[in-house]
Amino acid sequence: MLTHHHAEPIRPKRVVILGAGGFVGGAIKARLSADNIPLLSLTRKELDLLYEGAAPRLAGFLEPTDSVVLVSAIAPAKTVPILVKNVRMVEAVCEALSSREISQLVYISSDAVYADDALPVTESSPVAPRSLHGMMHAARELMLANSTKAPLAILRPTLIYGAADPHNGYGPNRFRRQASKGEPISIFGDGEERRDHVAIEDVAEIARLVLVHRSRGVINVATGTSTSFGDVARMLAHEYGVTVVRQQRSGPSARPLHRFFDIVDCHKSFPSFCYTPLTEGIMKSR
Amino acid sequence: MKSTIGFAGMTHLGQNSAAAAAAHGHLVVCFDPDPDIVRRLEAGERLVTEPGLDELVADHRSSLTYTSRVADLGRCDVVVLSTDVPTNDRGESDLVPIRSLIEQVSRSLAEHALLVILCQVPPGFTRALELPKERLFYQVETLIFGRAVDRAMHPERFIVGCADPAAPLPLPYRTYLESFGCPILPMRYESAELAKISINCFLVASVTVTNTLADLCERVGAAWHEIAPALKLDRRIGPHAYLSPGLGLSGGNLERDLATVMTLAESTGAEVSVIESFQRNSRYRKDWALRTLHRELFSKKLNPHLGVLGLAYKENTHSTKNSPSLALIEHLGDCRLTVYDPVVPATAVNRPGVQAASCMLDVARGVDALVLMTPWPEFRSLAPRGLADVMEGRTIVDPYRLLDPAACGEAGLSHFSLGCPLPRPLEH
Chain C
118 MLTHHHAEPI
128 RPKRVVILGA
138 GGFVGGAIKA
148 RLSADNIPLL
158 SLTRKELDLL
168 YEGAAPRLAG
178 FLEPTDSVVL
188 VSAIAPAKTV
198 PILVKNVRMV
208 EAVCEALSSR
218 EISQLVYISS
228 DAVYADDALP
238 VTESSPVAPR
248 SLHGMMHAAR
258 ELMLANSTKA
268 PLAILRPTLI
278 YGAADPHNGY
288 GPNRFRRQAS
298 KGEPISIFGD
308 GEERRDHVAI
318 EDVAEIARLV
328 LVHRSRGVIN
338 VATGTSTSFG
348 DVARMLAHEY
358 GVTVVRQQRS
368 GPSARPLHRF
378 FDIVDCHKSF
388 PSFCYTPLTE
398 GIMKSR
Chain E
410 MKSTIGFAGM
420 THLGQNSAAA
430 AAAHGHLVVC
440 FDPDPDIVRR
450 LEAGERLVTE
460 PGLDELVADH
470 RSSLTYTSRV
480 ADLGRCDVVV
490 LSTDVPTNDR
500 GESDLVPIRS
510 LIEQVSRSLA
520 EHALLVILCQ
530 VPPGFTRALE
540 LPKERLFYQV
550 ETLIFGRAVD
560 RAMHPERFIV
570 GCADPAAPLP
580 LPYRTYLESF
590 GCPILPMRYE
600 SAELAKISIN
610 CFLVASVTVT
620 NTLADLCERV
630 GAAWHEIAPA
640 LKLDRRIGPH
650 AYLSPGLGLS
660 GGNLERDLAT
670 VMTLAESTGA
680 EVSVIESFQR
690 NSRYRKDWAL
700 RTLHRELFSK
710 KLNPHLGVLG
720 LAYKENTHST
730 KNSPSLALIE
740 HLGDCRLTVY
750 DPVVPATAVN
760 RPGVQAASCM
770 LDVARGVDAL
780 VLMTPWPEFR
790 SLAPRGLADV
800 MEGRTIVDPY
810 RLLDPAACGE
820 AGLSHFSLGC
830 PLPRPLEH
């Protein structure tokens, strides 16, 4: 649950985005720019967190009135070396924060920090990652929490979709690309696994809300509605006039893994915010 | 021979217990350290809302003496401590005020007088008091808001904590208890203190299982109100089981006992994960109306007009402690809000711009959605067609199913209640 330092929204003096060149960082940058919020957008070109000297270089950018949004990550972290690199990136951020006062830190984490069987997932669900990617984010959250006295807001988005997503992971993004090329959409088995899919614009909007309220705490970024991959595929197939084909799963058939969120904390933190319904969001991202 | 019974603390519990003692033929001294409370009680002013209490007090007024002089308890054979034990946000008890009252009262007791603690205290509290144990007792209270008079007049049993459960109860106390004509169960202090908590834990278990299955009903198209009667006919569950779905636990007393069990577990290493689940489920169910409103209203209309019927934490009471209605209102987004409660004034709502309706139908006028947050019996008389005529929107959020879902459907209203399948979307 978030607590707001500003009950009424106040524009931050300046927002420093680390990882502004990526899918999520870029969307946050665009959203804040639309509100004319002063920005310092740092991509890997300006600041590579893996380079020696990254910490003092970052510290040199920071002002005490800055709100910092940390999005930089090598994702997904599927191997141990990538996990370690991700941890080293945040080590540099922590080192910079130890010598610089800031106004707020916002970390874009992931719902992978929760156990697969957490149902429904809430902000109070235990952090118990079962993947290297989840462990990477869990470790980074803890490192950051121990490195700054500034209010720390942790956003844990679930599966994000959007036109600019560079990943081609199983789900709305890949389905839409297949359909837009006139190809059949392929799903595993019956595509019965139900997941929560969130529009990139909503992730950016939650980040904006957290910044203008100078919030502290954890918030999941999920719509509260879970849809099966099969239904997403059929919806897009209908829109684009293509077919859905079933792909055999490799290996023994496992129990379908669903993920549901209870987003009542979001309703309480941002009572006037509503998520984009999946159908509308996917159509918008065409 | 009747005893003279003193009650220290003119709380909800104290007022009802004192009136019941008078009704059973005892002379009763009602002490409260607050002279203003005593003055108002003497003047016949209503300080708590409880069906039948005003009449009971009026019928036995000559047996009731109100006083703010603690020395007046000196003429009592038995003094019953009936003060509130306040709790914090986590439901944990603050025992400082009761300790202070015990100290004050015990100094004024007659030499032969007995002291009975009728408040919710944790196991070990009574024995730790530095008072003569042969004159010290703990008695379980089972007050239920809205049914307090009936419970005080006709208790199911008395559970009495004693230093020595094998010893007969002293005559004045036994006389007082026997006048109610129900079983008396003496046991050691700790057992009685934990008996109170055990009763509440069993109630919470029923409530939690009901709420859990009602949630499932809403998701799979089953109707809990069709299932519950079948369960009540099962002897292992019973006709009086708590099988009505609700908005989590509220009122404070059940939460207090769960918090006490958690605290005891922390210091003793007992495995109490089920209690933690009760607490989690309660927190989850409290937000049922907020979830429903976001799904059915806020996600569909900007700045809607919302009507809320009921502010009290439950029917037949003025109490708003842990009120689901006030908790809901606290988290509402931008909207116009009109409220009505038969007893609680609109000023209890801490939100600017709230409109107070003059009657229950008035609250529905022009609203996009109507929420019935307290199950006041009079709300059942609202006619769905009449509501449909004055409402702008079609959404009725009625957790306790006070209105007839079929009649709502016929009136073109979408009716949402706990444990019921979601209504079919209206055709436009």
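Protein sequences appear in the order of chains C and E. Residue numbering for the first sequence follows the working numbering, starting at 118 and increasing by one per position. Residue numbering for the second sequence follows the working numbering, starting at 410 and increasing by one per position. We treat Cβ as the ideally placed atom computed from N, Cα and C, and that holds for glycine. This one's a predicted model, so the numbers in the text were calculated from it and none came from an experiment.
Could you list which residues in chain B have their beta carbon closer than 7 angstroms to that of residue 742 of chain E, in chain order?
The structure shown contains no chain B; the protein chains it does contain are C and E.
Sorted by chain position, which residues of the same chain lie with C-beta nearer than 6 angstroms to residue 279 of chain C's C-beta, five sequence neighbours on each side aside?
In the first sequence, residue 279 of chain C corresponds to position 162, counting from 1. Taken in chain order, the residues that qualify are 317, 402.
Could you tell me if residue 817 of chain E is buried or exposed, where buried requires 16 or more neighbouring beta carbons within 10 angstroms of its beta carbon?
As a first step, residue 817 of chain E must be located in the second sequence, where it is residue number 408. Flag for residue 817 of chain E reads buried.
Between the beta-carbon of residue 359 of chain E and the beta-carbon of residue 658 of chain E, is there less than 8 angstroms?
No answer is possible for residue 359 of chain E: it lies beyond the span of chain E, which begins at 410 and ends at 837.
Nearest chain C C-beta to residue 838 of chain E closer than 8 angstroms, yes or no?
Any property of residue 838 of chain E remains undetermined from this structure, which presents chain E solely from 410 to 837.
Under 8 angstroms, Cβ to Cβ, is there at least one residue of chain E near residue 384 of chain C?
As a first step, residue 384 of chain C must be located in the first sequence, where it is residue number 267. By this cut-off, residue 384 of chain C is an interface position.
Give a yes or no on whether 8 angstroms exceeds the smallest Cβ distance from residue 696 of chain E to chain C.
Numbered from its first residue, the second sequence carries residue 696 of chain E at position 287. At least one CB atom of chain C sits nearer than 8 angstroms to the CB of residue 696 of chain E.
Closer than 7 angstroms, Cβ to Cβ, to anything on chain E: give me those residues from the stretch 306-340 of chain C, in chain order.
none
Below 7 angstroms between beta carbons is the criterion; list the residues of the stretch 702-726 of chain E that meet it against any residue of chain C, in chain order.
703, 707, 708
In this structure, how does DSSP classify residue 439 of chain E when only helix, strand and coil are distinguished?
Position 30 of the second sequence, counted from the first residue, corresponds to residue 439 of chain E. Reduced to three states, the DSSP call for residue 439 of chain E is strand.
Should the stretch 269-276 of chain C be called in touch with the stretch 219-226 of chain C, which here means at least 3 C-beta pairs below 8 angstroms?
yes
Does residue 349 of chain C get closer than 8 angstroms to chain E when you measure Cβ to Cβ?
As a first step, residue 349 of chain C must be located in the first sequence, where it is residue number 232. No, its Cβ sits nowhere closer than 8 angstroms to a Cβ of chain E.
Interface residues of chain C around residue 699 of chain E at Cβ under 8 angstroms?
Taking the first residue of the second sequence as position 1, residue 699 of chain E is located at position 290. Within 8 angstroms Cβ-Cβ: 381, 384, 385.
Pick out whichever of E:463, E:616, E:675, E:656 has its Cα sitting closest to the Cα of residue 646 of chain E.
The residue you call residue 646 of chain E lines up with position 237 of the second sequence. If we check each option's Cα against that of residue 646 of chain E, E:616 comes out closest.
For residue 444 of chain E, which of helix, strand or coil comes out of DSSP?
On the second sequence, position 35 is the one that residue 444 of chain E refers to. Of the three classes helix, strand and coil, the one that applies to residue 444 of chain E here is helix, per DSSP.
Mind checking if residue 127 of chain C is an interface residue toward chain E, Cβ cutoff 8 angstroms exclusive?
As a position in the first sequence, residue 127 of chain C is number 10, starting the count at 1. Taking Cβ atoms only, chain E never reaches closer than 8 angstroms to residue 127 of chain C, which makes this a no.
Hey, could you find the ends of the beta strand (DSSP E) residue 334 of chain C is sitting in?
If you number the first sequence from 1, residue 334 of chain C lands on position 217. From DSSP, the beta strand (DSSP E) with residue 334 of chain C extends over 332-338.
So, residue 363 of chain C versus residue 304 of chain C, is the Cβ gap smaller than 8 angstroms?
Translated into the one-based positions of the first sequence, residue 363 of chain C becomes position 246. Translated into the one-based positions of the first sequence, residue 304 of chain C becomes position 187. Contact: yes.
Taking 8 angstroms as the threshold (C-beta atoms), are residue 320 of chain C and residue 700 of chain E in contact?
Mapped onto the second sequence, residue 700 of chain E falls at position 291. Mapped onto the first sequence, residue 320 of chain C falls at position 203. No, they are not a contact pair.
Please return the same chain residues whose Cβ sits closer than 6 angstroms to the Cβ of residue 307 of chain C, not counting the five positions on each side in sequence.
Stepping through the first sequence from its first residue, residue 307 of chain C is reached at position 190. 347.
In chain C, what lies closer than 9 angstroms to residue 693 of chain E by C-beta?
Sequence index remark: in the second sequence, residue 693 of chain E carries index 284 (1-based). In chain order: 237, 239, 379, 381.
If you draw a straight line from the alpha carbon of residue 417 of chain E to that of residue 439 of chain E, how long is it in whole angstroms?
Position 8 of the second sequence, counted from the first residue, corresponds to residue 417 of chain E. Position 30 of the second sequence, counted from the first residue, corresponds to residue 439 of chain E. So the two alpha carbons sit approximately 6 angstroms from each other.
Burial state of residue 762 of chain E (16 or more Cβ within 10 Å)
In the second sequence, the residue the question calls residue 762 of chain E occupies position 353. Looking at its Cβ environment, which holds fewer than 16 other Cβ atoms inside 10 Å, residue 762 of chain E is exposed.
Check whether the stretch 814-830 of chain E and the stretch 606-616 of chain E are in contact - that is, three or more C-beta pairs closer than 8 angstroms.
no
So for residue 517 of chain E, helix, strand or coil by DSSP?
If you number the second sequence from 1, residue 517 of chain E lands on position 108. DSSP places residue 517 of chain E in coil when its eight states are reduced to three.
What does the Cβ neighbour count give for residue 738 of chain E, buried or exposed, with the cut at 16 atoms within 10 Å?
Locating residue 738 of chain E in the second sequence gives position 329, counting from the first residue. Around the beta-carbon of residue 738 of chain E, 16 or more other beta-carbon atoms lie within 10 Å, marking it buried.
7 angstroms CB neighbourhood of residue 189 of chain C in its chain, flanking five on each side removed:
Taking the first sequence and counting its residues from 1, the one referred to as residue 189 of chain C is at position 72. The residues are 135, 136, 166, 206.
With a floor of 4 residues, list each alpha helix (DSSP H) that falls wholly inside the stretch 127-158 of chain C, ordered by position along the chain.
140-151
Which listed residue (E:794, E:570, E:743) has its alpha carbon closest to that of residue 714 of chain E
Translated into positions along the second sequence, residue 714 of chain E becomes position 305. Among E:794, E:570, E:743, the Cα nearest to that of residue 714 of chain E is on E:743.
Beta-carbon separation of residue 748 of chain E and residue 776 of chain E under 8 angstroms?
Translated into positions along the second sequence, residue 748 of chain E becomes position 339. Translated into positions along the second sequence, residue 776 of chain E becomes position 367. Contact: no.
For the ligand MG, any of its heavy atoms closer than 7 angstroms to the Cβ of residue 361 of chain C?
For the ligand MG, the structure offers nothing, since it holds no ligand at all.
May I have the straight-line CA-CA distance separating residue 731 of chain E from residue 703 of chain E, to the nearest angstrom?
Along the second sequence, read from residue 1 onward, the residue named residue 731 of chain E stands at position 322. Along the second sequence, read from residue 1 onward, the residue named residue 703 of chain E stands at position 294. The alpha-carbon atoms of residue 731 of chain E and residue 703 of chain E are separated by roughly 21 angstroms.
Quick check on residue 486 of chain E: buried or exposed, where buried means 16 or more other Cβ atoms within 10 Å of its Cβ?
Residue 486 of chain E sits at position 77 when you count from the first residue of the second sequence. With 16 or more other Cβ atoms within 10 Å, it is buried.
Look at residue 293 of chain C and residue 123 of chain C and say whether their C-beta atoms are less than 8 angstroms apart.
For the purposes of this step, residue 293 of chain C is taken as residue 176 along the first sequence, with counting starting at 1. For the purposes of this step, residue 123 of chain C is taken as residue 6 along the first sequence, with counting starting at 1. For residue 293 of chain C and residue 123 of chain C, no; Cβs fall outside 8 angstroms.
Determine the direct distance from the alpha carbon of residue 528 of chain E to that of residue 847 of chain E, and round the result to whole angstroms.
The structure shown has nothing for residue 847 of chain E, since chain E only spans 410 to 837.
Whose C-beta lies closer than 6 angstroms to the C-beta of residue 597 of chain E among residues of the same chain, with five residues either side of it excluded?
Indexing the second sequence from 1 puts residue 597 of chain E at position 188. Correct list, in chain order: 574.
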